[in-house]
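J.:
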Amino acid sequence: MSKSHAVLLPQRLDDELWELPVGTVAGMRVPARVFADAELLAAIELDRSLEQLANVATLPGIVEASLAMPDIHQGYGFPVGGVAATDASEGVVSPGGVGYDINCGVRLLALPLSYDELGNRREALVHELSRRVPVGTGGRGAHEGVRGAHLDRVLSLGPRALLEDLGVGSEGELAFTESGGCLEGADPAAVSARARERGAGQIGTLGSGNHFLELQRISDVYDGAAAAAFGLRRGQITLLIHSGSRGLGHQVCTDFVKRMDARLGHYGIELPDRQLSCAPIGSPEGRAYLRAMAGAANFAWANRAALAHRVREAVRSVLGREAAGGTRQVYDVAHNVAKLEEHAGQRVCVHRKGATRAFPPGHPEIPVEYAEVGQPVFIPGSMGTASYVLAGRARSMERSFGTTCHGAGRRMSRTAVRKAVDGGELRRQLEAEGIAVRALSARGLAEEAPEAYKDVDRVVEIVERAGLAARVVRLRPIGVVKG
Amino acid sequence: MTYRWVDHTADLELEIESPSEPAVFEEALRALAELLAESDGHSDATSTTRREVTAEAPDRPTLLAAWIEELAFLAESEGFVATRIVEINLAGGGLRATVAGALGDPPPLVKAVTYHRLTFEPYRDGYVARVVLDV
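Chains as they are written, first to last, in our numbering: chain Z, 296 to 778; chain G, 5 to 139.
#1: Taking DSSP's pairing of strands, which residues face LEU107(G) in a bridge?
#2: Going by beta carbon distance, what residues of the same chain come within less than 6 Å of ALA761(Z), once the five residues before and after it are set aside?
#3: Helix, strand or coil: how does DSSP classify PRO662(Z) here?
#4: Using a Cβ cut-off of 9 Å, which residues of the stretch 546 to 557 of chain Z contact any Cβ in chain G, in chain order?
#5: Could you tell me if ARG54(G) is buried or exposed, where buried requires 16 or more neighbouring beta carbons within 10 angstroms of its beta carbon?
#6: Which bits of chain G does ALA711(Z) rub up against, with CB to CB less than 8 Å?
#7: Mind listing the chain G neighbours of GLN670(Z)? Cutoff is C-beta to C-beta under 8 Å, in chain order.
#8: With a 10 Å radius around its C-beta and 16 neighbouring C-beta atoms as the bar for buried, classify THR52(G) as buried or exposed.
#9: Enumerate in chain order the residues of its own chain whose CB-to-CB distance from VAL421(Z) is below 7 Å, with the five nearest sequence positions on each side excluded.
#10: Assuming ASP366(Z) contacts HIS646(Z) under a Cβ cut-off of 8 Å, what Cβ separation, rounded to an integer in Å, is found between them?
#11: Rounded to whole angstroms, how far is the Cβ of PRO65(G) from the Cβ of THR123(G), which I believe are closer than 8 Å?
#12: With H, G and I counted as helix, E and B as strand and the rest as coil, what does DSSP make of GLN724(Z)?
#13: Taking the C-alpha atoms as reference points, what is the distance between MET323(Z) and ARG8(G)?
#14: Identify which residue in LEU614(Z), GLU608(Z), ALA618(Z), MET588(Z) has its Cα closest to the Cα of ALA633(Z).
#15: Pull up the distance between the alpha-carbon of ALA727(Z) and that of GLY679(Z), whole angstroms please.
#16: Any residues in the stretch 497 to 531 of chain Z with a beta carbon nearer than 8 Å to a beta carbon of chain G? Which ones, in chain order?
#17: Taking PHE673(Z) as part of the beta strand (DSSP E), name the residues at either end of that continuous run.
#18: Mind listing which residues of the stretch 353 to 377 of chain Z have their C-beta closer than 7 Å to chain G's C-betas, in chain order?
#19: Where does SER361(Z) fall in DSSP's three states?
#20: So which of HIS537(Z), ASP717(Z), ARG541(Z) has the shortest CA-CA distance to SER677(Z)?
#21: Interface residues of chain Z around LEU122(G) at Cβ under 7 Å?
#22: Pick out whichever of GLY464(Z), THR500(Z), VAL401(Z), SER540(Z) has its Cα sitting closest to the Cα of GLY394(Z).
#23: Hey, would you say ALA59(G) sits closer than 7 Å to LEU75(G), going by beta carbons?
#24: Give a yes or no on whether the minimum CB-CB distance between SER47(G) and chain Z is below 7 Å.
#25: Determine whether the Cβ of ASP750(Z) lies closer than 7 Å to any Cβ atom of chain A.
#26: Determine which residues share a DSSP beta bridge with PHE551(Z) and list them.
#27: Taking GLY542(Z) as the query, report the chain G residues whose CB atoms sit under 7 Å from its CB, ordered along the chain.
#28: Based on the DSSP output, what are the partners of GLU637(Z) in its beta bridges?
#29: Taking 8 Å as the threshold, find out whether the stretch 548 to 561 of chain Z comes into contact with the stretch 519 to 539 of chain Z through three or more Cβ pairs.
#30: Suppose the cutoff is 7 Å on Cβ atoms and the five residues either side in sequence are ignored; what does the same chain contact list for ASP15(G) look like?
#31: Determine which residues of the stretch 106 to 122 of chain G have a Cβ less than 7 Å from any Cβ of chain Z, and write them out in chain order.
#32: Is SER682(Z) helix, strand or coil when you go by DSSP?
#33: At which residues does the alpha helix (DSSP H) containing LEU457(Z) begin and terminate?
#34: Which chain Z residues are close to ALA15(G), counting only those with a beta carbon under 7 Å from its beta carbon?
#35: Output needed for ASP568(Z): all residues of its chain with C-beta closer than 6 Å, excluding positions within five of it in sequence on either side, in chain order.
#36: Taking only three categories from DSSP, how would you classify SER514(Z)?
This is the structure in structure tokens:
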């Protein structure tokens, strides 16, 4: 991609942090800062993401800086890989700062066997996963019965509703989920009829785009103590689930971008981009959005719980009851969400869009079993490369509102990568590298080719050097099911 | 009358140039039909299945976004891909249209229609419009 836009040149603050000062874009209230090294920054400058990051700095009530992780890339309004904290009493909440796929996130399951023990059953397991997990479709094969009053319970309670009503999941899974799988204050009445209609049939479906299931083996262990605390060891099989709130979340965002856009004049808010549409946190629109967003976030956690249930069924079918019973949830984290948190004595609304909460050891909001090592963070790379498990570190609280990166970050457009990569050839190449692939379409597979993404190893190295999170283990893909 | 998809790192940006306002809406429909037919491999221009579409908005750019939203919703909820406009009436801040298309199994590609860089304005002897889709 060529540079077809004004190039903004950030100033270097230290080895991993760069800054666009106030004034770079008219109306900035705070600086815009990005964690990167010179090479990643050069890749970041190829699209409009820095301009978008500077635009975010114009939001009323934004605190300290508009921040970006090294996997930042161009989004719409907010960049993907961005963090914005706004003062809880004076600031705004922006649906675009969370994104359309509310609580798109990842859940990591650890299987009780090694790559060698899996042996020649790998292909059969990937096939069974693809058979049992509905992928790119709207509602076919979704969890029956999650409609009407039951949908209300999912919106209010998240995966706890599936556990209590359908026996899906366990108390242990809830404990090993960010926020226990339930944001407080969710109100089903704040979720529109169309959002409910789009979401009702989609619990337990993966979705398309970059959503996937990935079967992996642990190739490297960097921190033995943290790996042991997370129940992970070299050679072990893991499974990563990447999905979100499906059509329900997309519609909640659409509804509130529109509703707040119509009220900007009333609140005297001027924005450089309509997609930054926002409203004061305490306004009727702001409060309603937070209630609806919490419902969509809970829906997403329930969706990943239903997907995990189907994964266990596949494991039971191929590897037996003991393997299914011993499959343990390491943790589940959100990549797209806004949360009211306390940072440096100030109550703020932290918008994370393509960014992961990374609370350090000792933080009260992480499970007691992980208290000494920090919150687990999962960084999916691209198909064919690697993913990482990290642990939150103390400097994330000082530097990034307790946040780190969320992935490799795209560097090529879908159109460009489709021109460069043949889906069928990519499938053969991945199979030759020992990665079994099941994908809805060759086109969708090509769009997610490894070439489309930045170097995940380098992204992770930067956040570790910056003290936001530290590497625990590296995961190599051995099977992919893609929407 | 033309539309084209512009490279965008994670999303799809649609640019339309048309001689009239209704033609902008028609081009947007054609672009979406192409997008939703591409993976599925079918596009039935002779189909007689019809749907009524209505939308209201305070201005033309927002109305264009609402129009694409309605068409994407029909595809996601019913598997109905509109391939042509039978009739369209732009009056005041709204539109009322009858569209024809086919029932099928379109890929659920369009998550949302964004307001990012959203444009619909006079250009030369006609109009130019731009809309970014989240896919």
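Every residue gets a Cβ at the ideal spot worked out from N, C-alpha and C, and that includes glycine. Predicted model only: the values in this text are computed from it and were never measured.
T.: Put simply:
#1: For the purposes of this step, residue 107(G) is identified with residue 103 of the second sequence, where counting begins at 1. Answer is PHE84(G), bridged to LEU107(G).
#2: Here residue 761(Z) refers to the residue found at position 466 when the first sequence is read from its first residue. Answer for ALA761(Z): GLU311, PHE330, listed in chain order.
#3: Residue numbering aside, residue 662(Z) sits at position 367 when the first sequence is read from its first letter. Looking at PRO662(Z) - three-state DSSP - the assignment turns out to be coil, as it is neither helix nor strand.
#4: GLN546, CYS548, THR549, VAL552, LYS553, ASP556, ALA557
#5: Position 50 of the second sequence holds residue 54(G). That one is exposed.
#6: Stepping through the first sequence from its first residue, residue 711(Z) is reached at position 416. Going along chain G in sequence order, the residues near ALA711(Z) (Cβ under 8 Å) are ASP11.
#7: The residue you call residue 670(Z) lines up with position 375 of the first sequence. Per Cβ cutoff of 8 Å: no residues; GLN670(Z) is ~26 Å from chain G at best.
#8: Here residue 52(G) refers to the residue found at position 48 when the second sequence is read from its first residue. It counts as exposed.
#9: In the first sequence, residue 421(Z) corresponds to position 126, counting from 1. Same-chain partners within the cutoff: LEU510, ALA731, ARG733, GLY774, VAL776.
#10: As a first step, residue 366(Z) must be located in the first sequence, where it is residue number 71. As a first step, residue 646(Z) must be located in the first sequence, where it is residue number 351. The pair is not a contact, with the Cβ atoms about 16 Å apart (cut-off 8 Å).
#11: Position 61 of the second sequence, counted from the start, is the residue given in the question as residue 65(G). Position 119 of the second sequence, counted from the start, is the residue given in the question as residue 123(G). Yes, PRO65(G) and THR123(G) are in contact; Cβ-Cβ is about 6 Å, under 8 Å.
#12: Sequence index remark: in the first sequence, residue 724(Z) carries index 429 (1-based). Correct three-state label for GLN724(Z): helix.
#13: Locating residue 323(Z) in the first sequence gives position 28, counting from the first residue. Locating residue 8(G) in the second sequence gives position 4, counting from the first residue. So the alpha carbons of these two residues sit roughly 33 Å apart.
#14: Working through the first sequence from its first residue, we reach residue 633(Z) at position 338. Checked all of LEU614(Z), GLU608(Z), ALA618(Z), MET588(Z); the closest Cα to ALA633(Z) is MET588(Z).
#15: Position 432 of the first sequence, counted from the first residue, corresponds to residue 727(Z). Position 384 of the first sequence, counted from the first residue, corresponds to residue 679(Z). Approximately 11 Å between the Cα atoms of the pair.
#16: GLY502, SER503, GLY504
#17: What you label residue 673(Z) is simply residue 378 of the first sequence in a count that begins at 1. 671 to 674 is the extent of the beta strand (DSSP E) around PHE673(Z).
#18: HIS368, GLN369, GLY370, TYR371, GLY372, VAL375
#19: If you number the first sequence from 1, residue 361(Z) lands on position 66. SER361(Z) falls in the strand class under three-state DSSP.
#20: For the purposes of this step, residue 677(Z) is taken as residue 382 along the first sequence, with counting starting at 1. Measuring from the Cα of SER677(Z), the nearest candidate turns out to be HIS537(Z).
#21: One-based indexing of the second sequence puts residue 122(G) at position 118. Here the neighbours are ARG569.
#22: By 1-based counting over the first sequence, the position of residue 394(Z) is 99. Among GLY464(Z), THR500(Z), VAL401(Z), SER540(Z), the Cα nearest to that of GLY394(Z) belongs to SER540(Z).
#23: Against the second sequence, residue 59(G) aligns to sequence position 55. Against the second sequence, residue 75(G) aligns to sequence position 71. Cβ distance not < 7 Å, so ALA59(G) and LEU75(G) don't count as in contact.
#24: Numbered from 1 along the second sequence, position 43 holds the residue referred to as residue 47(G). Since pLDDT at SER47(G) reaches only 48, below the 50 mark, its modelled position is unreliable, and the value read off the structure follows with that caveat. Not closer than 7 Å to any Cβ of chain Z, the Cβ of SER47(G) fails to qualify, so no.
#25: No chain A appears in this structure, whose protein chains are Z and G.
#26: Here residue 551(Z) is taken as the residue at index 256 of the first sequence, counted from 1. Paired residue(s): none; PHE551(Z) is not in a bridge.
#27: Here the question's residue 542(Z) lines up with position 247 in the first sequence. The contacting residues are GLU80.
#28: Locating residue 637(Z) in the first sequence gives position 342, counting from the first residue. Beta-bridge pairing links GLU637(Z) to ARG642(Z).
#29: no
#30: To locate residue 15(G), count along the second sequence from 1; it is residue 11. Excluding sequence neighbours, ASP15(G) sits near VAL136, LEU137, ASP138, VAL139.
#31: PRO111, PRO112, LEU113, LYS115, ALA116, THR118, TYR119, HIS120, LEU122
#32: Sequence index remark: in the first sequence, residue 682(Z) carries index 387 (1-based). Correct three-state label for SER682(Z): strand.
#33: Within the first sequence, residue 457(Z) is the residue found at index 162, counting from 1. 454 to 461 is the extent of the alpha helix (DSSP H) around LEU457(Z).
#34: Locating residue 15(G) in the second sequence gives position 11, where the first residue counts as 1. One detail in the question is off: residue 15(G) reads as Asp in this sequence, not Ala. Neighbours of ASP15(G) on chain Z, chain order: TYR371.
#35: The residue labelled residue 568(Z) in the question sits at position 273 within the first sequence. Excluding sequence neighbours, ASP568(Z) sits near ASN350, GLY372.
#36: As a position in the first sequence, residue 514(Z) is number 219, starting the count at 1. In this structure, SER514(Z) counts as strand in the three-state DSSP scheme.
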